[in-house]
Amino acid sequence: MSEPISEPGNPPNQPGKAVKLEKQPHGGALRRGGGRKPGHGNRATRFRVDAATDEEAIKAAVDLLHRAIAGGDLDAALGYLKLVLPRPRPAPAPVPGGLDVQNASGLLDAFRKLVLALGDGTLAPSEVSQASAALKGLAEAMSLSDFESRLAALEDAAREKGGQNG
Numbered sequence: 162m163s164e165p166i167s168e169p170g171n172p173p174n175q176p177g178k179a180v181k182l183e184k185q186p187h188g189g190a191l192r193r194g195g196g197r198k199p200g201h202g203n204r205a206t207r208f209r210v211d212a213a214t215d216e217e218a219i220k221a222a223v224d225l226l227h228r229a230i231a232g233g234d235l236d237a238a239l240g241y242l243k244l245v246l247p248r249p250r251p252a253p254a255p256v257p258g259g260l261d262v263q264n265a266s267g268l269l270d271a272f273r274k275l276v277l278a279l280g281d282g283t284l285a286p287s288e289v290s291q292a293s294a295a296l297k298g299l300a301e302a303m304s305l306s307d308f309e310s311r312l313a314a315l316e317d318a319a320r321e322k323g324g325q326n327g
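162 is the number of the first residue of the sequence shown in this note's numbering; add one for each residue after it.
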């Protein structure tokens, strides 16, 4: 395949004299020593995060995401975000009972109405549990949307800061 590169007059089989450059299997540039480029994601970590199913492993993946953001490595942060929250995400279930929820205050209002409806007997406990499950899914979706908007603002700030330094 690739021939070792050596200085003139030195045979290529002398240790320390020849440097072997190989094309990396991941499509990277020719590199001395066969290592990965700095900042390249660790494949084992990605597989570990991909296989995370229990709560502790997910917390570890979120911790990796926070470290990448704190370290300013947005490419790694986006990679971890895609692993922790893969797309397409399921849409939240429609909220039953005609509860109108547009923002966080509407969500709190809806929970209050459900508790009152349960208290006065307007809704059965099973109906309230179904509605609260739908509201919980909606709350998670709203939280995710808030996180994505904050991440987008962080990316914009990083781009703006990079433009000022350059």
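Glycine included, each C-beta is placed from N, C-alpha and C at the ideal position.
Return the CA-CA distance between residue i and residue j, expressed in angstroms with no decimal places.
i      : j      : result
Ala302 : Leu296 : 10 Å
Leu315 : Ala222 : 19 Å
Gly280 : Val289 : 11 Å
Ala271 : Leu277 : 10 Å
Glu309 : Arg273 : 27 Å
Asp307 : Gly323 : 24 Å
Glu217 : Ala313 : 27 Å
Gly282 : Asp317 : 50 Å
Ser304 : Arg311 : 11 Å
Asp224 : Glu321 : 26 Å
Lys220 : Leu239 : 16 Å
Gly233 : Ala285 : 50 Å
With distances taken between CB atoms, is the gap from residue i to residue j smaller than 8 Å?
i      : j      : result
Ser275 : Ser287 : Sequence check: residue 275 is Leu here, not Ser. Contact flag unset, no.
Leu235 : Ala319 : yes
Leu226 : Leu268 : no
Ala237 : Ala231 : no
Determine the DSSP secondary structure at residue i, reduced to helix, strand or coil.
i      : result
Asp317 : helix
Leu284 : coil
Gly323 : helix
Asp234 : coil
Leu312 : helix
Asp307 : helix
Measure from the C-beta of residue i to each C-beta in chain D and report whether the shortest distance is under 8 Å.
i      : result
Phe272 : In the displayed structure, chain D is absent; only one protein chain is listed.
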